[in-house]
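In the numbering used here, the protein residues as written are 2 to 424.
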């Protein structure tokens, strides 16, 4: 039966105590804990069927191959795509790097790539590198004063020389979503560009059907959905996929190799060189089935209401400033409080059992556009409760008293010792 929330008991991690207090986990935009169902299925697979795929005729290899192929079908269906269009990767960053490498031959010094100021570093650096190597122009569409994409400026940047357009589905900083169908429509109307969507956050918090989004490529990660790390996907529209050359080569990508030639595989596996993340794919499929057992529209509505509750509560915290303004946001919310650095806040909150993120969230250009060097980010999941939000607000009030009283000496640092490095 579908449910409108994930049961906290399904997630062993949430039973932990931190610093003597029940854990309030609000760092889901970084990584969502694995459900027990996924943990159990991974353990069973690794214990009973763990073997390489498509390379043997023995029982274990055939079992693993079947599970891997089933996982591809499950993942493709989860985002509204077709099985032959889904390339397994190690995550969103790997997907974007593969996309850039495969699209590089389309670029030269007369062409341009359009991205936005809202992007995660992963969706900036790959295109910046490509621009340096090919001589093409990299254009960045700005955001408005509210932190939303300036659609008019975006439209003006796309022209007949635009070969790639890349943008995020949902910001990992402000929780502001882009109208992907609108942006894809603009790109395709004004150019023959390939539209690439970073779905790292959107696949979790927004209804995602790649056909409805209008994109040509869609990148996502498994660990944002409660799957293991090291697994993700790059969906590529079928007709486009047929025109692309693999970004890497090796075992599994070819039908035949002779002393002077090679015949590439004619299916999607030509883009997956070497032994793939087999157990990761099994875990991804398990996580996606867990999500599908719930009423996701109801879950997402509930998440938006939790973010609204947090934003309303922050209005009562002296000196708190929420990043971005939107009539509706989801997934996460970032804020700063002028009495101390985000790192001090995060460390004090951790002492009270509340896990949040602090830093620039791998989106420094976006934070710069918002007039902020760093922020605290709280991100929700379908298991997040009103009590979690209220405990965060209570902890902020307590931490504020400590900070105003001078109880923190120096700036909290991440394990590398750099106060400005957390991503």
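In this text, a Cβ means the ideal position worked out from N, Cα and C, and glycines have one as well.
The structure displayed is predicted, hence computed values, not measured ones.
Chain-order list of residues whose beta-carbon lies under 6 angstroms from that of residue i (same chain, five-residue window excluded)
| i | result |
| --- | --- |
| residue 410 | Since pLDDT at residue 410 reaches only 43, below the 50 mark, its modelled position is unreliable, and the value read off the structure follows with that caveat. Cβ within range, chain order: n/a, list empty. |
| residue 143 | 118, 151, 154 |
| residue 7 | 383, 384 |
| residue 188 | 159, 166, 194, 196 |
| residue 138 | 113 |
| residue 101 | 127, 131 |
| residue 3 | With a pLDDT of 48 at residue 3, under the threshold of 50, the modelled position of this residue cannot be trusted; read the value that follows with caution. Contacts found: 295, 296. |
Nearest candidate by alpha-carbon position, reference residue i, set the options
| i | options | result |
| --- | --- | --- |
| residue 341 | 320, 280, 17, 186 | 320 |
| residue 330 | 173, 322, 284, 289 | 173 |
| residue 42 | 195, 200, 109, 279 | 279 |
| residue 82 | 214, 287, 28 | 214 |
| residue 268 | 85, 60, 92 | 85 |
| residue 28 | 287, 238, 322, 360 | 360 |
| residue 94 | 199, 254, 405 | 199 |
| residue 246 | 264, 232, 258 | 264 |
| residue 30 | 356, 404, 392, 388 | 356 |
| residue 23 | 375, 350, 146 | 350 |
| residue 1 | 266, 210, 363, 66 | With the chain covering 2 to 424 only, the question about residue 1 has no answer from this structure. |
| residue 324 | 168, 9, 261, 149 | 149 |
| residue 249 | 98, 64, 44, 12 | 98 |
| residue 204 | 191, 236, 184 | 236 |
For residue i, three-class secondary structure by DSSP
| i | result |
| --- | --- |
| residue 281 | helix |
| residue 119 | coil |
| residue 10 | helix |
| residue 113 | strand |
| residue 396 | helix |
| residue 257 | strand |
| residue 291 | helix |
| residue 345 | helix |
| residue 22 | strand |
| residue 219 | strand |
| residue 125 | helix |
| residue 389 | helix |
Assigned exposure category for residue i - 16 Cβ within 10 Å defines buried
| i | result |
| --- | --- |
| residue 225 | buried |
| residue 276 | exposed |
| residue 256 | exposed |
| residue 179 | buried |
| residue 243 | exposed |
| residue 61 | exposed |
| residue 261 | exposed |
| residue 302 | exposed |
| residue 389 | buried |
Nonlocal neighbours in the same chain, by C-beta distance under 7 angstroms from residue i, ignoring five residues either side
| i | result |
| --- | --- |
| residue 234 | 76, 87, 88, 89, 90, 96, 221 |
| residue 328 | none |
| residue 111 | 162 |
Spatial neighbours of residue i in its chain, beta-carbon cut-off 8 angstroms, leaving aside the 5 residues before and after
| i | result |
| --- | --- |
| residue 318 | 338, 394, 397, 398, 401 |
| residue 293 | 79 |
| residue 109 | 135, 136, 137 |
Contact between the region 74-85 and the region 124-132 (3+ Cβ pairs under 8 angstroms): no
I'd like to know if the region 363-373 and the region 288-304 are in contact, where contact means that at least 3 CB-CB pairs between them fall below 8 angstroms. no
Take every Cβ of the region 170-190, pair it with every Cβ of the region 332-349, and state whether three or more of those distances are shorter than 8 angstroms. yes
Evaluate contact between the region 28-37 and the region 227-244, counting only Cβ atoms and requiring at least three cross-stretch pairs below 8 angstroms. yes
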